[in-house]
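Data block below; observations after.
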Amino acid sequence: MKTIVIGAGVMGASVAYRLAQAGAAVTVLEAARIGGGTSGTSFAWTNAYKKPPKPYHDLNVAGMKAHAALADEFGATPWWHGGGSLEWEAEPDRTAQAE
Numbered sequence: 000m001k002t003i004v005i006g007a008g009v010m011g012a013s014v015a016y017r018l019a020q021a022g023a024a025v026t027v028l029e030a031a032r033i034g035g036g037t038s039g040t041s042f043a044w045t046n047a048y049k050k051p052p053k054p055y056h057d058l059n060v061a062g063m064k065a066h067a068a069l070a071d072e073f074g075a076t077p078w079w080h081g082g083g084s085l086e087w088e089a090e091p092d093r094t095a096q097a098e
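Shown next, in the form of structure tokens:
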């Protein structure tokens with residue numbers, strides 16, 4: 000199968016990668032720099048913190064797992080670093096909510 004993918008941001012590159020893995024002959028067309036559009040200007044923090052409703056939270060958790068799996072698949076991954084966050088509550092009533 001011959002396939003053309005338009006755009007070499009995160010989505011286009013991911014689709015092209017998986018199509019090539021499946022045996023497709025893939026051509027990627029990008030108007031500018033690879034990853035230089037929306038993908039290149041995103042904060043790109045993979046997290047599920049304070050992301051209601053629950054289905055949206057679950058989708059973000061799945062995305063975090065997918066990033067970790069892709070990092071394992073590639074081995075050395077200077078492009079992805081799993082991390083965390085810290086929330087500080089100073090008000091007593093908010094502190095109880097955070098626990």
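Following numbering that gives the first Met the number 0, the numbering of the sequence shown begins with 0 at its first residue and continues without gaps. Ideal Cβ positions, reconstructed from N, Cα and C, are used throughout, including at glycine.
On the CB-based measure, 16 or more other CB atoms within 10 Å of its CB, does residue i come out buried or exposed?
i	result
G22	exposed
A7	buried
So for residue i, helix, strand or coil by DSSP?
i	result
T26	strand
K102	The question about residue 102 has no answer here: the residues shown for the chain are numbered 0 through 98.
K53	helix
T45	coil
Tell me, to the nearest whole angstrom, how far the beta carbon of residue i is from that of residue j; I am working on the premise that it is less than 8 Å.
i	j	result
M63	T45	5 Å
A24	K1	5 Å
V60	V27	Actually they are not in contact, since the Cβ atoms of V60 and V27 sit about 29 Å apart, beyond 8 Å.
N84	Y55	Per the sequence presented here, residue 84 reads as Ser, with Asn not at that position. The pair is not a contact, with the Cβ atoms about 17 Å apart (cut-off 8 Å).
G82	A67	At roughly 12 Å, the Cβ-Cβ gap does not stay under 8 Å, so G82 and A67 are not in contact.
A65	W79	Not quite, the Cβ-Cβ distance comes to about 11 Å (not below 8 Å), so this is no contact.
For chain C, is any of its Cβ atoms less than 9 Å away from the one on residue i?
i	result
K53	Included in the structure is just one protein chain, with no chain C present.
Three CB pairs or more closer than 8 Å across the stretch 27-45 and the stretch 6-16: The answer is yes - the stretch 6-16 touches the stretch 27-45, with three or more Cβ pairs under 8 Å.
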